[in-house]
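So the sequences go chain by chain: A and B.
When you read off a place in the first sequence, starting at 1, and then add 238, the result is the number in the working numbering.
When you read off a place in the second sequence, starting at 1, and then add 238, the result is the number in the working numbering.
For each residue, glycine too, the CB sits at the ideal point set by N, CA and C.
Here's the structure, in structure tokens; my notes come after.
There are 2 protein chains.
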Amino acid sequence: EGTQAPQPAGSPQGLLAQARGLFQVGDTYIVVETADAVVLIDQHAFHERILYYMLEHRLQSAPLERQRLLMPLPLNLSRAARELALSQREALLEFGFELEPFGPDGSLALTAAPKYSLARKHDEMIIELCEELAQGRRPGDFSTMRKSLVEMVACKAAIKAHDPLSPEQIKDLLRLGETVPHTFTCPHGRPTTYRLAFTDLEKVFHRR
Amino acid sequence: EGTQAPQPAGSPQGLLAQARGLFQVGDTYIVVETADAVVLIDQHAFHERILYYMLEHRLQSAPLERQRLLMPLPLNLSRAARELALSQREALLEFGFELEPFGPDGSLALTAAPKYSLARKHDEMIIELCEELAQGRRPGDFSTMRKSLVEMVACKAAIKAHDPLSPEQIKDLLRLGETVPHTFTCPHGRPTTYRLAFTDLEKVFHRR
Ligand SMILES: [Zn+2]
Ligand SMILES: [Zn+2]
């Protein structure tokens with residue numbers, strides 16, 4: 239224990255390698271036991287942070303990789319959301335969502351979906367995205383829309399709170415976290431990890 | 239979740255029935271996941287509290303049950319500790335430790351040991367007890383000695399910090415805790431449990 243380099247407080251870099259035990263509590267937090275601490279991770283905020291970083295950085299170079307769906311997924315959108323989706327087809331394509339007119343009534347279908355890891359069904363996600371964007375503030379210019387989309391896609395695509403995770407999914411998430419810097423706060427500055435050092439616990443239990 | 243009666247903060251009563259997950263961290267703390275909290279338990283302080291209560295209450299009615307050892311265990315005691323042991327044979331017998339002269343040099347052996355659950359070897363424990371009592375404050379009267387013994391036996395017999403526990407041992411300990419009231423502080427008033435409610439965690443992670 240004495241030879242281990244100290245970790246910056248709250249940084250989950252290298253956590254998986256340090257992990258002696260990995261648990262999930264409340265279907266919402268990941269608990270990592272290390273040699274000198276218990277680290278609690280807000281699974282949604284942590285995953286959101288990772289996806290936010292990945293989306294933001296990959297978009298700077300090229301549109302995100304997408305894969306064509308075997309069958310177009312028809313989208314049951316409100317009129318406002320459909321209009322928004324149509325006007326933002328180019329932005330959505332950058333994120334890997336390809337929309338095409340479908341059927342005689344002018345409705346839309348999803349024909350290609352992003353390759354990056356998503357927690358949820360692509361059609362559900364794009365519907366939520368478009369409805370929220372249509373209901374919320376005005377679309378504004380393309381770069382504003384892109385920023386909103388980065389935030390919204392990161393949030394929508396991330397594992398939710400109250401989602402039970404298998405031990406493998408927990409490991410995958412920690413592994414993904416290690417590919418991205420500064421995962422200890424989410425895009426909105428909220429902490430994603432909370433480190434309870436054993437020295438802190440000793441104080442809680444009046445051991446020192 | 240809404241139907242569950244609230245638990246007094248830090249009370250581990252009924253914890254085992256409430257447990258959705260049971261872990262040990264740092265080989266020192268038990269982590270109990272319930273529907274609405276993560277409860278951390280200092281395994282030593284918690285077990286000590288239980289033993290303290292059991293010893294104190296059983297001694298009021300009768301000496302503790304003991305079992306004769308198949309072979310007497312010779313005790314390698316200092317002169318002072320042997321004298322203390324000899325002068326306190328009656329008190330030690332109440333705790334289930336039976337000492338008898340052994341060998342030509344006037345040394346002592348343990349011939350019977352208490353039946354209550356002990357984490358360690360009886361001969362090691364009685365040696366530590368007698369040496370510490372001999373080194374420490376004066377034995378004083380019988381009731382003072384009995385009080386010191388209750389405290390010392392509870393501490394010595396309890397699971398130590400840094401002892402790895404199997405899942406079965408964790409359950410046994412929680413089950414034992416449910417037979418005894420007020421296990422949430424140790425005999426010295428130190429907390430034995432620390433409840434981190436999910437509503438607290440929501441604040442930590444700025445979820446509210
Ligand atoms: Zn979110
Ligand atoms: Zn103790």
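- It is roughly 22 Å from the alpha-carbon of Ser386 of chain B to the alpha-carbon of Asp280 of chain B.
- For Ser404 of chain B, there is no enclosing beta strand (DSSP E), since its DSSP letter is neither H nor E.
- When DSSP reads this structure, Thr431 of chain A sits in a beta bridge with A:Ile279.
- Of the heavy atoms belonging to ligand 2, none sits nearer than 8 Å to the Cβ of His444 of chain A.
- In this structure Arg296 of chain B is not in contact with Ala350 of chain B, their Cβ atoms being roughly 16 Å apart against a cut-off of 8 Å.
- By the beta-carbon neighbour count (other beta carbons within 10 angstroms, threshold 16), Leu308 of chain B is exposed.
- With a cut-off of 8 Å, the C-beta of His400 of chain A is classified as distant from ligand 2, since no heavy atom of the ligand falls inside that distance.
- By the Cβ test, the stretch 355 to 374 of chain A is in contact with the stretch 318 to 335 of chain A, since at least three Cβ pairs between them sit closer than 8 Å.
- In chain order, Leu439, Val442, Phe443 make up the part of chain A whose C-beta sits under 8 Å from the C-beta of Tyr432 of chain B.
- The criterion of a C-beta distance shorter than 9 Å is not satisfied by Gly415 of chain A and Leu302 of chain A.
- Annotation for Glu286 of chain B indicates a beta carbon within 8 Å of some heavy atom of ligand 2.
- The beta strand (DSSP E) runs of length 3 or more contained entirely in the stretch 332 to 363 of chain B are, from start to end of the chain, 336 to 340, 345 to 352.
- Nearest in C-alpha terms to Gln262 of chain B, of all of B:Lys353, B:Leu403, B:Ser325, B:Leu346, is B:Leu403.
- For Thr423 of chain B, the pairing in a beta bridge is given by DSSP as B:Pro429.
- Among the residues of chain A, those whose CB is under 9 Å from the CB of Ala283 of chain B are Phe443, His444, Arg445, following chain order.
- Per DSSP, Gln326 of chain A is not a residue of any beta strand (DSSP E), being assigned neither H nor E.
- Val269 of chain B: member of the beta strand (DSSP E) spanning 267 to 271, first to last residue.
- Residue pairing by DSSP puts Pro312 of chain B in a beta bridge opposite B:Ala347.
- A distance of 9 Å or more separates the beta carbons of Leu324 of chain A and Asp361 of chain A.
- For the 9 Å CB-CB criterion, Glu286 of chain A and Cys424 of chain A form a contact.
- Excluding five sequence positions before and after Arg446 of chain B, the CB atoms of its chain that fall closer than 6 Å to its own CB belong to Glu440, given in chain order.
- The C-beta distance from Leu260 of chain A to Lys409 of chain A rounds to 7 Å, short enough to meet the 8 Å contact threshold.
- Val388 of chain A and Phe443 of chain B have their alpha carbons spaced roughly 21 Å apart.
- Within the stretch 374 to 407 of chain B, contact with chain A at the beta-carbon level (separation under 9 Å) is assigned to Ala399.
- No Cβ-Cβ contact shorter than 9 Å links Val277 of chain A with Val276 of chain B.
- Taking 9 Å as the CB threshold, Tyr267 of chain B lines the interface with chain A.
- Residue nearest to Leu346 of chain B within the set B:Pro352, B:Leu337, B:Val391 is B:Leu337 (criterion: CA-CA distance).
- Here the distance from the Cβ of Ala351 of chain A to the nearest heavy atom of ligand 1 is not below 8 Å.
- With fewer than 16 other Cβ atoms inside 10 Å of its own Cβ, Gln298 of chain B counts as exposed.
- Between ligand 1 and Ala396 of chain A, a heavy atom-to-CB distance of less than 8 Å is present.
- Using a Cβ-Cβ cut-off of 9 Å, Glu271 of chain A is close to Phe261, Gln262, Val263, Gly264, Val269 of chain B, given in chain order.
- Residue contact check for Pro312 of chain B against chain A: no CB pair falls below 9 Å.
- Per DSSP, Val442 of chain B is one residue of the alpha helix (DSSP H) stretching across 436 to 442.
- Sequence-distant partners of Thr430 of chain B (beyond 5 residues in either direction) whose C-beta falls short of 7 Å from its own C-beta, in its chain, are Ile279, Asp280, Ala283, Phe284, Arg287, Thr421, Phe422, Thr423, Cys424.
- Nearest neighbour of Leu330 of chain B by Cα position, chosen from B:Ile364, B:Phe340, B:Arg428, B:Leu411, turns out to be B:Ile364.
- For Arg384 of chain B, the three-state secondary structure derived from DSSP is helix.
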